[in-house]
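Sequences listed follow chains A and B, in order. So for the first sequence, the working numbering puts the first residue at 1; every next one is plus one. So for the second sequence, the working numbering puts the first residue at 1001; every next one is plus one. Where a beta carbon is used, it is the ideal one built from N, C-alpha and C, also for glycine. Keep in mind the model is a prediction, meaning the values are calculated, not measured. First the structure, in the form of structure tokens, and then the observations on it.
There are 2 protein chains.
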Amino acid sequence: MTIGDLRTSDRLLLGPGPANVDPRVMRALQTPVLGHLDPEFMAVLAELMGMLRGVFETKNELTLAVSGTGSAGMEAACVTAVEPGDSALVCTAGYFGARLQEVLKRCGALVTTVEAPWGQPIDPEDVRKAAAAKKPKLIAIVHAETSTGVRHPIEDVAAIAKSHDALLLVDAVTALGGIPLRADEMGIDLVYSCTQKCLGAPPGMSPVTVSEAARNRIRARSRGNQSFYLDLEALLSYWSGGTYHHTMSATMIYALREAARMCLEEGMGSRWARHEKAGKALQAGLEAIGLKLFAPTQCRLPQLTTVETPAGVDEARVRCRLLQEFNIEIGAGLGPLRGKIWRIGVMGANAYAQPVLTLIAALEGILAGEGFGFPGGAGVAAATRAFAP
Amino acid sequence: MTIGDLRTSDRLLLGPGPANVDPRVMRALQTPVLGHLDPEFMAVLAELMGMLRGVFETKNELTLAVSGTGSAGMEAACVTAVEPGDSALVCTAGYFGARLQEVLKRCGALVTTVEAPWGQPIDPEDVRKAAAAKKPKLIAIVHAETSTGVRHPIEDVAAIAKSHDALLLVDAVTALGGIPLRADEMGIDLVYSCTQKCLGAPPGMSPVTVSEAARNRIRARSRGNQSFYLDLEALLSYWSGGTYHHTMSATMIYALREAARMCLEEGMGSRWARHEKAGKALQAGLEAIGLKLFAPTQCRLPQLTTVETPAGVDEARVRCRLLQEFNIEIGAGLGPLRGKIWRIGVMGANAYAQPVLTLIAALEGILAGEGFGFPGGAGVAAATRAFAP
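Okay, structure coming up:
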């Protein structure tokens, strides 16, 4: 059987993630694999736990990475937080809020939702009323909703959770590393993320942290965890105690370690500011082309911009041309936003001037060819100005 | 915050896995990340499904890799195969048979066990009686038990499952690529493996295949899958239909593709023969040193050899000296075999003469220094002879 060499393109990844990976992180992948019980590997894990605490801004002992992608982290947090019959309040204003509902239901939780239209932030007043009525054991919310580009009001919801003695579960898949997230200060009990967005590693791991208060309450529950693979307490026994659980991917750990190291060298505050600057420049460029941004100004994410596809333009054709002619990936809309928006991410190694200017130039050119927009490079000019010191 | 460069050793990995990774597979890790919905990536997945069918020797449509390690594959197979209240018969004669029980219980299955002492194969007669008494919906068994080095009688158990119209679930974590496993011919309904043993990739993915007959029966069940992340039908919709499920790790897929390509280039039969030869040579060398092999001859695995630790020798000290003085990892015993056996794997890129001779030479030297064994290189001589054509 003859199978050819792998031949793939080197894309500029400006969709909702994965983003391009820094060469330092790519080099880390070449580190020879260590056994999952090797003392050297256990030392790498111990150090990485400390680094992840720095990234999450937490002191939580239970801070580690689940051996799967962000969706594995979501499920690990959910199977940990609830047992069948528990009441859970899920804030839903997009695809990933809906996924949280789905996963919590599969855990046997009795789910109530607080909804906002896709593209709008959750209204804390709605959460307050629902929490008062339902007395949920858990409130779950997405920090940066990847399907809409909207930042949800975590601090307000945290205060409500606290006042009702409910645990707060936060999806930080798109948030972590891109916008301010301070797990302890914000009062978050369980939070998970991914590696391939604002942290700057390849996909494959899911950093998670759980507060001591949450762990104490979870320990008191009557049933065991429905998942073995995603059992966070068992994972902690391995990460910090060397009790065999599963064979960790040393390769993925090396990459995550290098990415977390880069985050901490840069400083989380500087990293958030870099994403803010790149996102604002992208948004200035898009508006100067004549496009309309989808998420409202006051809750607009910098690292993931949603933009309305212009009337009369074949949006799939534009994405296809970006990919084929310019080797650039951007994201389509999900669910009810399919065909109505594009999702453009500037995350991690892409939250710099070059990727932004390249995208704006290519998009401006394609749209002009499709009969839309202002010719003359207004978009590039605006984005370039936004990067000026 | 200053964190140093990653500094780790380049071990010879002769434990129960991970094994060392071929340079071709390591190079594949450097392939630039593609988006999980990029047409180029979907083509890679489609091709990989065909390659995995070749590795498993199956025509099953549902043949893919779960985004997690072998334990994730185990859980994916279990949540797919059973729903709460289903009767499952688990053959247990080691650590991973026990884990199968644990995972099936967490799925709500009513588990009955057929046991054999750790180190002995399951007796098909016991399975026959238990199946007749319990009428299980599922029979689960480990093909190559990693904790004991024993090969279990899959064909016999498959015939029993067929005669009772039960599904057969097989753990092939240590088996796949190392000993003959022909999923269709053997009548296996669900089988999962890992990447870091006889397939020769880094840990991080779990190849899985499910028969059409099993899928038809599973479709008819009353409840949905308790897991979202490990829902194999949803994963198939993504792998073969592009319906977004989670962000696959392109990096891990590239590595698995190259490893699977190497398997198919070599041919599964040649690969099994290579493991057989390397394992036999290792075993000849160990016996010539004066050590006693733990697994009985007739069910002894070639790719994972268990050997009794000699009386009067500090087994942990021997492992520690192998690691520190020779940079070689071997495995300790698990559970009741802790301190009683070593587990030595010659898998994938290590199923060749050099790793075997290096281990035998180092172990022979250390044991002689600890007052055990026959001096004069009898072990190396025996292992070397075993590699002669």
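Using a CB distance below 9 Å, the part of the stretch 1247-1269 of chain B facing chain A consists of 1247, 1248, 1249, 1250, 1251, 1252, 1254, 1255, 1257, 1258, 1260, 1261, 1264, 1265, 1267, ordered along the chain. Distances from the alpha-carbon of residue 1016 (chain B) to those of B:1380, B:1291, B:1070 put B:1070 closest.
Three or more Cβ pairs closer than 8 Å define a contact, and the stretch 215-224 of chain A falls short of that threshold against the stretch 1039-1051 of chain B.
Taking a beta-carbon distance threshold of 8 Å, residue 238 (chain A) does not count as an interface residue toward chain B. Short of 6 Å from the beta carbon of residue 382 (chain A), and not among the five residues preceding or following it, lie these beta carbons of its own chain, in chain order: 284, 285, 288. For the C-beta of residue 10 (chain A), the chain B residues within less than 8 Å are, from N- to C-terminus, 1032. In the three-state reduction of the DSSP assignment, residue 184 (chain A) falls in the helix class. When C-beta atoms of the stretch 191-211 of chain A are compared with those of the stretch 105-118 of chain A, fewer than three pairs fall below 8 Å, so the two segments do not count as touching. As for any alpha helix (DSSP H) of minimum length 4 sitting wholly inside the stretch 1026-1109 of chain B, the runs are 1039-1056, 1070-1081, 1095-1106, ordered along the chain. The beta-carbon of residue 352 (chain A) is placed no less than 8 Å from the nearest beta-carbon of chain B. Cβ neighbours of residue 1271 (chain B) within its own chain (closer than 7 Å, five residues either side excluded): 1177, 1263. In the displayed model, residue 9 (chain A) falls within coil according to three-state DSSP, outside both helix and strand. When secondary structure is reduced to three states using DSSP, residue 358 (chain A) falls in the helix class.
In summary, the residues of the stretch 1212-1237 of chain B whose CB is separated from some CB of chain A by less than 8 Å are 1224, 1225, 1226, 1227, 1228, 1229, 1230, in the order they occur in the chain. Residue 15 (chain A) reaches chain B at 1035, counting residues in chain order whose Cβ is nearer than 7 Å. Residue 341 (chain A) carries a strand assignment under DSSP once its states are collapsed to helix, strand and coil. Annotated three-state conformation of residue 203 (chain A) is coil, per DSSP.
Residue-level contact check: residue 344 (chain A) does not touch chain B, since none of the beta carbons of chain B fall below 8 Å from its beta carbon.
Ranked by Cα distance from residue 277 (chain A), the options A:384, A:44, A:161, A:14 are led by A:384.
Taking C-alpha positions only, residue 1133 (chain B) is separated from residue 1112 (chain B) by approximately 10 Å. DSSP places residue 284 (chain A) inside the alpha helix (DSSP H), whose first and last residues are 268-289. In the structure shown, the three-state DSSP call for residue 1190 (chain B) is strand. Taking a Cβ-Cβ cut-off of 8 Å, the neighbours of residue 1067 (chain B) in chain A comprise 68, 69, 72, 204, given in sequence order. A residue is called buried once 16 or more other Cβ atoms fall within 10 Å of its Cβ, and residue 1165 (chain B), having fewer, is exposed. By the rule that beta-carbons nearer than 8 Å mark a contact, residue 1025 (chain B) does not touch chain A.
Taking a beta-carbon distance threshold of 8 Å, residue 196 (chain A) counts as an interface residue toward chain B.
One alpha carbon belongs to residue 1123 (chain B), the other to residue 1387 (chain B), and they sit about 33 Å apart.
In the DSSP assignment, residue 171 (chain A) falls within the unbroken beta strand (DSSP E) covering 167-171.
When the beta-carbon positions are compared, residue 1171 (chain B) and residue 1150 (chain B) stay at least 8 Å from each other. Linking residue 1205 (chain B) to residue 1252 (chain B) through their CA atoms gives a straight-line distance of about 7 Å.
Chain-ordered, the chain A residues with CB closer than 7 Å to the CB of residue 1051 (chain B) read 3.
Your pair residue 188 (chain A) and residue 158 (chain A) checks out as a contact, with CB atoms roughly 7 Å apart and the cut at 8 Å. For a Cβ distance threshold of 7 Å, residue set 33 of chain A lies close to residue 1021 (chain B), ordered along the chain. For residue 1271 (chain B), not one C-beta of chain A is nearer than 8 Å to its own C-beta.
The shortest CA-to-CA distance from residue 298 (chain A) to any of A:68, A:169, A:39, A:152 is the one to A:152.
Using a Cβ-Cβ cut-off of 8 Å, residue 86 (chain A) does not count as an interface residue toward chain B, since no Cβ of chain B sits closer than that to its own.
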